[in-house]
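Offset between the sequence shown (1-based) and the numbering used here: plus 78.
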Amino acid sequence: MEKVLSKAIMDQFIKELRTLLEKTLAWSEEFRKGNRDYSFDIDDEIYQISTKHGKDFKQGDLNLVYNLLDFYCDAIKHGFKEIDKNYSVLKAESDIREILKGIKSDFLVNLPTDVKDRLIRI
């Protein structure tokens, strides 16, 4: 019973993380189209998920995801084409989509090795 409950809680966290990634991509697309919603705050969104589920976004792969979303949103808001010298906004967007593909309910976050390597360097 406890194992089933634990899996349901993890599934809910994964669902909310997936929703946040999708929401971030949709927000950025609208922002670039001219619908500039400056009220979208990725830090607040992540804080809410972190607090609700007791997850620490300051460690491991979750920290890499947090950094990616934070840098990506800042770059979109400021109209930057690059997040880092060798890391474009388009590549970050592609990495967010890769993370979305890798998220499954039976594990936390499966960052592809190449995505993880890029995120560690920024």
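Cβ atoms here follow ideal geometry from the backbone N, Cα and C, with glycine treated the same way.
Same chain, Cβ closer than 6 angstroms to residue i, neighbours up to 5 away in sequence not counted
i   : result
L23 : In the structure as shown, the chain begins at 79 and stops at 200. Residue 23 is therefore absent and cannot be evaluated.
Spatial neighbours of residue i in its chain, beta-carbon cut-off 8 angstroms, leaving aside the 5 residues before and after
i    : result
A170 : L146, F149, Y150, A153, I161
D173 : L146, V193, R196, L197
S166 : K159, E160
K133 : F91, I127, L140
Inter-residue spacing [alpha-carbon to alpha-carbon] between residue i and residue j
i    : j    : result
D192 : N113 : 32 angstroms
P190 : I200 : 16 angstroms
K111 : A104 : 11 angstroms
F158 : G138 : 27 angstroms
R96  : K163 : 28 angstroms
E107 : L168 : 11 angstroms
Y144 : Y116 : 19 angstroms
H131 : H156 : 31 angstroms
Beta-carbon proximity of residue i to residue j, cut-off 7 angstroms
i    : j    : result
L140 : L197 : no
F109 : I124 : no
Distance between beta carbons of residue j and residue i, contact taken as under 8 angstroms
i    : j    : result
I127 : E176 : Not quite, the Cβ-Cβ distance comes to about 20 angstroms (not below 8 angstroms), so this is no contact.
Spatial neighbours of residue i in its chain, beta-carbon cut-off 7 angstroms, leaving aside the 5 residues before and after
i    : result
I120 : T102, L147, D148, C151
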